[in-house]
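*Asks:*
Dropping the structure here:
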């Protein structure tokens, strides 16, 4: 991988984001925590697209929100361009965050209905201008021109700049969201399910637009989706999340050709392919049960309850990341050098107790 | 048209038209839709939002609220009887009993105040008056077991909020099938669910329909789901069916430019077309208010001709029940005549 020689643009180390569960009485004692993101680490290299897939509730969205500091992470670090965003002071953080922008899932909810398109796209520039965080201050004429340029670049007629969001369709609104994200010339864009609320024909338009913008501005994407085909289309590397943890991270081609983790295998086999002959002949792995609630810490593999290949060892030993190749890591005991399949439940529990 | 030529026709929709009256004009949400569903067959209806998929099914169920909506024309023949002509009381004995429906959002289509048992027993007893409560409960438990809910005896006493999304959808399916429905209308049954749960639910619907011989109308926007589940597919655009074919034919030879574009614009997992641009249908779906007489797809079509702007294309059978509504497949003479007629009308 050529990007390996490059320095990563974004480094996430052991990031944890827990949300407290309180009793709700006047004492409001904390009785537990939803462990939405529970210790994940990865790097994002300049110019690449890292896709994150997983089912709802696995912590994909929380991950990007923690990275952009919309939530204060419980622990861990997010290093962007050498600056640790978690521990930096507000001004440094804001300055660094100019380069990190987001695109949201729901184009109906992410645009203020009482603002015109012009003010929506200009808002980030005005805020940074007023706080004197811009490298070169922008005059209102500059901002006006930039808004028009951006609108044209994302395929909106600049004559519509005084219209309100409700006058646009879903795809056009998503374009407004993209223009807003581009306003400050960011280096990395965190896209949280940007196409899942759109129709198929519009989805293709937006995916093409994002691809073009990436080439034109040398953008880096962190792209979340639950649609595996979309992720494959757009990503250079893919991380698969389950219950707040990354279970597999790899080059996209490798992951789709030879998935390793039993969860990835099941996920890929469950995704429908739009071709009747292939689709009917395909062997699906149907996982039983639902994703469990992430409210407690487990000492075993998080996927244990639903895994079709589980061994007694997995119930009480948390798998670390094993290297398959340099660019392919997987958190599953099946890929350790040692064979655990013969170990009985009693032996594994004893071993776990000793280690604890 | 059907894969099983001897299968009995259960439901026949003929030239169905459902319009909505709004301040801006008349919305022709469904404008002349016809299809047939046979026993044990799964019919897929695909299309983008606003194409009239859901309204078609709500019309079949007679669940269009009037006003503003109104079924202005057509017939829906269920076992030879036009159910659009039935009184509301008669309709009630069919709806939920012979024709059942599963809705898109399992979170909002169960009553949050009632236990699952109450809701399921109610459905069964409403349609079979002579079933005792006890029998109905036993029947409900059996249905829950059938759809794969673990320990159904206990879970039936739960409230909907105690179930996850996938489980709620299973309860909906159990409820819909508890009266041995002959037709099951599934309106985007898996859109709100994750892929692994989607696979579970689709397999369940498939299994039940082949076991019980239920005909299924599956509404979806996911072409992958259609490929795996359906025998016959209708593609809808702006309130009309633009193409109808046996699933394999449709994917092998998509004939309408819209269908072709739709199939090409989905990224596929099995063919590596990485970093290439996706084929995309430019523009937006049309507003169906006061649509002029033209092919509604012509502004986005890459093969549009002069005639497309002036008249709605006739439906042409390409063989083996493969029907397409596109001027490309009409004869030259028909095209010329349509153009002439349209010009004459414009002059008037």
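Protein chains in written order, with this note's numbering: chain A, 1 to 356; chain B, 1001 to 1348. Every residue gets a Cβ at the ideal spot worked out from N, C-alpha and C, and that includes glycine. All values derive from a computational prediction rather than experimental measurement.
#1: At what residues does the beta strand (DSSP E) containing residue 149 of chain A begin and finish?
#2: Are the C-beta of residue 31 of chain A and some C-beta of chain B separated by less than 8 angstroms?
#3: Could you pull the start and end residues of the alpha helix (DSSP H) that residue 63 of chain A belongs to?
#4: How far does the beta strand (DSSP E) with residue 427 of chain A in it extend, from its first residue to its last?
#5: Comparing C-alpha positions only, which one of A/223, A/85, A/170 sits nearest to residue 52 of chain A?
#6: Between residue 9 of chain A and residue 22 of chain A, what straight-line distance do the alpha-carbon atoms span, to the nearest angstrom?
#7: Just to confirm before moving on: does the CB-CB distance between residue 269 of chain A and residue 283 of chain A stay below 8 angstroms?
#8: Where do the ends of the beta strand (DSSP E) carrying residue 18 of chain A lie?
#9: If I measure Cβ to Cβ from residue 47 of chain A and keep anything under 7 angstroms in the same chain, skipping five residues before and after, which residues do I get?
#10: Are residue 1161 of chain B and residue 1245 of chain B closer than 8 angstroms when you measure CB to CB?
#11: Chain B beta carbons: is any one of them nearer than 8 angstroms to that of residue 196 of chain A?
#12: Please classify residue 183 of chain A: does DSSP put it in a helix, a strand, or coil?
#13: Going straight from the alpha carbon of residue 1098 of chain B to that of residue 1263 of chain B, what length do you get?
#14: Is there contact here, the stretch 172-183 of chain A with the stretch 88-106 of chain A, by at least three beta-carbon pairs under 8 angstroms?
#15: Tell me whether the beta-carbon of residue 244 of chain A lies closer than 8 angstroms to the beta-carbon of residue 78 of chain A.
#16: With residue 217 of chain A as the anchor, note down where its beta strand (DSSP E) starts and where it stops.
#17: Residue 1277 of chain B touches chain A at which residues, Cβ-Cβ below 9 angstroms?
#18: When the Cα of residue 289 of chain A is compared with those of A/266, A/280, A/297, A/119, which residue comes out closest?
#19: Which residues, taken in chain order from the stretch 1024-1049 of chain B, show a beta carbon closer than 8 angstroms to some beta carbon of chain A?
#20: Can you list, in chain order, the residues of its chain whose CB lies under 6 angstroms from that of residue 1259 of chain B, leaving out five sequence neighbours each side?
#21: Looking only at its chain, what residues have a beta carbon closer than 7 angstroms to the beta carbon of residue 1237 of chain B, apart from the 5 residues adjacent to it on each side?
#22: Note down, in chain order, each residue of its chain lying with its Cβ closer than 7 angstroms to the Cβ of residue 312 of chain A, except the 5 sequence neighbours on either side.
#23: In the DSSP output, what is residue 1038 of chain B paired with across the bridge?
#24: Measuring alpha carbon to alpha carbon, tell me which residue in B/1079, B/1061, B/1078 is nearest residue 1071 of chain B.
#25: Thinking C-beta only, is residue 1212 of chain B closer than 8 angstroms to residue 1102 of chain B?
#26: State the beta-bridge partners of residue 1095 of chain B as determined by DSSP.
#27: Given that a residue counts as buried once 16 or more other Cβ atoms are within 10 Å of its Cβ, and exposed if not, what is residue 1225 of chain B?
#28: What residues in the stretch 1201-1231 of chain B have a beta carbon less than 9 angstroms from any beta carbon of chain A?
#29: Helix, strand or coil: how does DSSP classify residue 126 of chain A here?
#30: DSSP beta-bridge partners for residue 35 of chain A?
#31: Return the residues of the stretch 52-83 of chain A that lie within a Cβ-Cβ distance of less than 7 angstroms from chain B, sorted by chain order.
#32: Determine the direct distance from the alpha carbon of residue 227 of chain A to that of residue 196 of chain A, and round the result to whole angstroms.
#33: Tell me the DSSP secondary structure of residue 1166 of chain B in three-state form.
#34: Could you please give the first and the last residue of the uninterrupted alpha helix (DSSP H) stretch that includes residue 1209 of chain B?
#35: Determine the direct distance from the alpha carbon of residue 1267 of chain B to that of residue 230 of chain A, and round the result to whole angstroms.
#36: Give the residues of chain A in contact with residue 1262 of chain B, contact being defined as C-beta atoms less than 8 angstroms apart.
*Replies:* According to the data block:
#1: Unbroken run through residue 149 of chain A is the alpha helix (DSSP H), 140-153; no beta strand (DSSP E).
#2: no
#3: 60-67
#4: Examination of residue 427 of chain A is not possible in this model, given that chain A is present from 1 through 356 alone.
#5: A/223
#6: 37 angstroms
#7: yes
#8: 10-22
#9: 218, 220
#10: no
#11: no
#12: coil
#13: 34 angstroms
#14: yes
#15: no
#16: Residue 217 of chain A -> not in any beta strand (DSSP E); alpha helix (DSSP H) instead, spanning 200-217.
#17: 204, 207, 208, 211, 212
#18: A/266
#19: 1048, 1049
#20: 1235, 1243
#21: 1047, 1051, 1258, 1296, 1297
#22: 343, 344, 345, 348
#23: B/1009
#24: B/1061
#25: no
#26: B/1099
#27: buried
#28: 1202, 1203, 1221, 1222, 1223, 1224, 1225, 1226, 1227, 1228, 1229, 1230
#29: helix
#30: A/18
#31: 55, 56
#32: 8 angstroms
#33: helix
#34: 1195-1212
#35: 6 angstroms
#36: 200, 201
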